[in-house]
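Engineer: Residue numbers (numbering that gives the first Met the number 0): 0 to 381.
C-beta: ideal position from N, C-alpha, C; glycine also.
What follows is a structure written as C-alpha cells; I'll ask about it next.
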Amino acid sequence: MAEAQEQSLSAQSITSPETFPCRKRLSYNAYTIGWVCALPKEQIAARVMLDEEHEPLPTPQNDHNAYTLGSIRSHNIVIACLPNIGTNSAATVATSMINTFPSIRFGLMVGVGGGIPNKVNLGDVVVSQPVADYHGVVQYDMGKLERGRQFIHTGSLNRPPNTLLNALNQLKANHEMYGSKINEYLNDVERRYPRLAPDYTRCEYLEDLLLTSGKVDQSPAKTHLLFSFWRAIIATVAYLLGLWTINPDEEYKQPSEPPEGARIRREVRIHHGLIASGNKVIKDVHSRDSIDKAFGGHVLCLEMEAAGLMNDFPCVVIRGICDYADSTKNKTWQNYAATVAAAYAKELLGCIQPSVIDTEVSARAILEKVERQTQEAQDTLR
Numbered sequence: 000m001a002e003a004q005e006q007s008l009s010a011q012s013i014t015s016p017e018t019f020p021c022r023k024r025l026s027y028n029a030y031t032i033g034w035v036c037a038l039p040k041e042q043i044a045a046r047v048m049l050d051e052e053h054e055p056l057p058t059p060q061n062d063h064n065a066y067t068l069g070s071i072r073s074h075n076i077v078i079a080c081l082p083n084i085g086t087n088s089a090a091t092v093a094t095s096m097i098n099t100f101p102s103i104r105f106g107l108m109v110g111v112g113g114g115i116p117n118k119v120n121l122g123d124v125v126v127s128q129p130v131a132d133y134h135g136v137v138q139y140d141m142g143k144l145e146r147g148r149q150f151i152h153t154g155s156l157n158r159p160p161n162t163l164l165n166a167l168n169q170l171k172a173n174h175e176m177y178g179s180k181i182n183e184y185l186n187d188v189e190r191r192y193p194r195l196a197p198d199y200t201r202c203e204y205l206e207d208l209l210l211t212s213g214k215v216d217q218s219p220a221k222t223h224l225l226f227s228f229w230r231a232i233i234a235t236v237a238y239l240l241g242l243w244t245i246n247p248d249e250e251y252k253q254p255s256e257p258p259e260g261a262r263i264r265r266e267v268r269i270h271h272g273l274i275a276s277g278n279k280v281i282k283d284v285h286s287r288d289s290i291d292k293a294f295g296g297h298v299l300c301l302e303m304e305a306a307g308l309m310n311d312f313p314c315v316v317i318r319g320i321c322d323y324a325d326s327t328k329n330k331t332w333q334n335y336a337a338t339v340a341a342a343y344a345k346e347l348l349g350c351i352q353p354s355v356i357d358t359e360v361s362a363r364a365i366l367e368k369v370e371r372q373t374q375e376a377q378d379t380l381r
C-alpha cells in the first residue's frame, strides 16, 4: 500500500505543469521508438529521462494500453507499461503499440532484472547483445521434455536490428574514451524531480549482501567509519605512551560535509551479453545456476518479459540489476536499478541519428509479415 502511494505521488510530480509547461501535440506517425516497461517504477524512471513530454493522443477502442508520449534528443518516443508481468503480456502490449503508432521502427525494453553473481553486481546495467550462438535474449522455458525428463531448449529469438547493434558498439567506444553520462543524467533527475531522490537516484545507502559477504565493501560511509575507528585506536595508544597530550583549550571542529552537488557517485558498470527470459519468477540458486549452465554459462541477467517481444518487435533489452535471483530477492534496489537502466537507454538514443531510423522497416510491417507467414503455415497444415 505504501509503495503504491509512493508511486502515485511520484507520478503526480512528473506530470505537474511546471515540469513541461508547453507540451506539444504530434501525430501518431511522428513516433518512431517504442519504450516498454513492466513496473510502474520503471515507467517513472522512463518518464524522468524525457527531455520533453507531449500531449497524449486518443487511444483506439481496441488498444487497452496507456501511453506516455515524449522526446529524447530528436527522437519521438512512446512509453507503455505492462498490466501484468510475463512474456505474453509484453507481446500483447507491443502488438497494440505498433498498430496504434505505425511509424515505430524498433523498441527498448527497459527495467530491472536479476543478476548472476560473480559476473554482475547490484546497480550494474546489463544490455542484450549477441554472444556465441545466441542472439542476445534466450527464453529459458521454451523447449520440450525428453525421455528421462530432461528439458531440451528449442527455438531461438531474433537478434536486435543492426541500427541498435551499431549504436551499442559506438556507445561502448564512447564509454571507453570519455566515460558514461549516466551519473550526469541522475544529477539532472535530482534537480528536476527532487521528490524522487534519493530512492531513484542514489545507491550509497543500499547494501549489496554479495559484496558484504565477500568482504568487499564499496560503501564510502563504511570506509570512512573504519578509518575513523583505526585513527582513534592510534591516538589512544599515542596518548598512553606519552607521545600525544590532550589540550583542553583545543576546539574540536566537526568536519563539514561536501556540498550536495559535490558528492561523488559510484561509477555505473555496463555489461553486454546474454539475457535469459521466461514466465517464472526465479528466486533460488539452483534454478538460476541451472539456467546459466543450460546456455553455456553466458547468461548475465534473468527477467520475465523480453522473450515476448524479440520475434515480433525488433528491440534491445536493458536491465538494471536489482537482485541476484535467489532467496535474498527483494525490492530494495529496484528504484535505483530502474533509473540507471533508463539513463543508459537515454544515452544509447544519443548515438542514433533520426535519419538512420527512417531507413529501417517499420515494426508494424515486420509484424504483418510474421502474421502472414503464420497464417500460410496454418493453411498448409489443414
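1. Measure from the alpha carbon of PHE294 to the alpha carbon of each residue in GLY135, GLY122 and VAL109, then state which is nearest.
2. Give every residue of the same chain whose Cβ lies closer than 7 Å to the Cβ of ASP283, excluding the five residues on either side of it in the sequence, and list them in chain order.
3. In terms of residue numbering, what span does the alpha helix (DSSP H) encompassing ALA174 cover?
4. Output the distance between the C-alpha atoms of ALA1 and ASP357, rounded to the nearest integer angstrom.
5. Residues in its own chain within less than 7 Å of MET309 by CB, not counting five upstream and five downstream?
6. For VAL369, collect the residues of the same chain with a Cβ closer than 8 Å to its Cβ; drop the 5 residues on either side in sequence, then sort them by chain order.
7. Going by beta carbon distance, what residues of the same chain come within less than 8 Å of ILE320, once the five residues before and after it are set aside?
8. For the alpha helix (DSSP H) containing LEU348, name the first residue and the last one.
9. Pull up the distance between the alpha-carbon of CYS350 and that of GLN169, whole angstroms please.
10. Which same chain residues end up closer than 6 Å to ALA65 when comparing Cβ atoms and leaving out the 5 residues on each side of it in sequence?
11. Tell me which residues share the same chain as VAL355 and place their Cβ nearer than 7 Å to its Cβ, disregarding the 5 neighbours each side in the sequence.
12. Please state whether the Cβ-Cβ distance between THR338 and TYR133 is less than 8 Å.
13. Less than 6 Å between C-beta atoms, sequence neighbours within five positions excluded: which residues of the same chain meet that for ASP322?
14. Give the single residue among PRO57, LEU38 and ILE43 whose Cα lies nearest to the Cα of LEU25.
15. Identify which residue in GLU375, VAL316, ALA376 and ARG363 has its Cα closest to the Cα of THR31.
16. Are the Cβ atoms of ASP291 and VAL298 separated by less than 8 Å?
17. In terms of residue numbering, what span does the alpha helix (DSSP H) encompassing LEU96 cover?
18. What residues in its chain sit with their C-beta under 6 Å from that of VAL383, if we drop five residues either side in the sequence?
19. Please state the DSSP three-state secondary structure of ALA362.
20. Just to check my reading of the structure: ILE103 and SER361 have Cβ atoms closer than 8 Å, yes? What is that Cβ distance to the nearest angstrom?
21. Between ASP62 and ASN117, what straight-line distance do the alpha-carbon atoms span, to the nearest angstrom?
22. Quick one: is HIS53 buried, meaning 16 or more other Cβ sit within 10 Å of its Cβ, or exposed?
23. Rounded to a whole number of angstroms, what is the C-alpha to C-alpha distance between LYS23 and ASN75?
Structural biologist: Reading from the atomic positions:
1. Along the sequence shown, one-based indexing puts residue 294 at 295. Comparing Cα positions, the closest option is GLY135.
2. By 1-based counting over the sequence shown, the position of residue 283 is 284. For ASP283, where only same-chain residues beyond five positions count, the Cβ hits under 7 Å are ASP325 and SER326.
3. Locating residue 174 in the sequence shown gives position 175, where the first residue counts as 1. Note that residue 174 corresponds to His in the displayed sequence, not to Ala. Looking at the DSSP string, the run of the alpha helix (DSSP H) that includes HIS174 is 161-177.
4. Taking the sequence shown and counting its residues from 1, the one referred to as residue 1 is at position 2. Taking the sequence shown and counting its residues from 1, the one referred to as residue 357 is at position 358. Confidence is the limiting factor: at ALA1 the pLDDT is only 45, short of 50, which leaves the residue's position unreliable and the question unanswerable from this model.
5. Locating residue 309 in the sequence shown gives position 310, counting from the first residue. Excluding residues up to 5 positions away in sequence, VAL136, LEU156 and ASN157 lie with their Cβ nearer than 7 Å to the Cβ of MET309 in the same chain.
6. As a working mapping, residue 369 is identified with position 370 in the sequence shown. Contacts found: ASN310 and ASP311.
7. Position 321 of the sequence shown holds residue 320. Excluding residues within five positions, the ones whose Cβ falls inside 8 Å are VAL111, GLY112, GLY113, GLY114, VAL119, ASN120, LEU121, GLY122, ASP123, VAL124, VAL125, CYS300, TRP332 and ALA336.
8. Here residue 348 corresponds to residue number 349 of the sequence shown, with the count starting at 1. For LEU348, the uninterrupted alpha helix (DSSP H) run begins and ends at 333-348, by DSSP.
9. Indexing the sequence shown from 1 puts residue 350 at position 351. Indexing the sequence shown from 1 puts residue 169 at position 170. Taking the Cα positions, CYS350 is about 7 Å away from GLN169.
10. Stepping through the sequence shown from its first residue, residue 65 is reached at position 66. So the list is empty, once near-sequence residues are dropped.
11. Residue mapping note: residue 355 aligns to position 356 of the sequence shown, counting from 1. Counting only Cβ-Cβ distances below 7 Å, and skipping sequence neighbours, we find THR162.
12. Within the sequence shown, residue 338 is the residue found at index 339, counting from 1. Within the sequence shown, residue 133 is the residue found at index 134, counting from 1. For the 8 Å CB-CB criterion, THR338 and TYR133 do not form a contact.
13. Along the sequence shown, read from residue 1 onward, the residue named residue 322 stands at position 323. In its chain, beyond the 5 residues on either side, GLY113 and LYS328 have a beta carbon closer than 6 Å to the beta carbon of ASP322.
14. Within the sequence shown, the letter at position 26 stands for residue 25. Cα-wise, what sits closest to LEU25 is PRO57.
15. Within the sequence shown, numbered from 1, the residue matching residue 31 stands at position 32. Comparing Cα-Cα distances from THR31 to each of GLU375, VAL316, ALA376 and ARG363, the minimum goes to ARG363.
16. The sequence position of residue 291 within the sequence shown is 292, counting from 1. The sequence position of residue 298 within the sequence shown is 299, counting from 1. Yes, the pair counts as a contact, with Cβ atoms nearer than the cut-off.
17. For the purposes of this step, residue 96 is taken as the residue at position 97 of the sequence shown. It should be pointed out that residue 96 corresponds to Met in this sequence rather than to Leu. Residues 86-99.
18. As displayed, the chain neither begins before 0 nor continues past 381, which places residue 383 out of reach and without an answer.
19. Here residue 362 is taken as the residue at index 363 of the sequence shown, counted from 1. Helix.
20. Working through the sequence shown from its first residue, we reach residue 103 at position 104. Working through the sequence shown from its first residue, we reach residue 361 at position 362. Indeed, because the Cβ distance is near 7 Å, the residues count as touching under 8 Å.
21. Residue mapping note: residue 62 aligns to position 63 of the sequence shown, counting from 1. Residue mapping note: residue 117 aligns to position 118 of the sequence shown, counting from 1. One C-alpha to the other measures close to 42 Å.
22. Taking the sequence shown and counting its residues from 1, the one referred to as residue 53 is at position 54. Looking at its Cβ environment, which holds 16 or more other Cβ atoms inside 10 Å, HIS53 is buried.
23. Taking the sequence shown and counting its residues from 1, the one referred to as residue 23 is at position 24. Taking the sequence shown and counting its residues from 1, the one referred to as residue 75 is at position 76. The alpha-carbon atoms of LYS23 and ASN75 are separated by roughly 12 Å.
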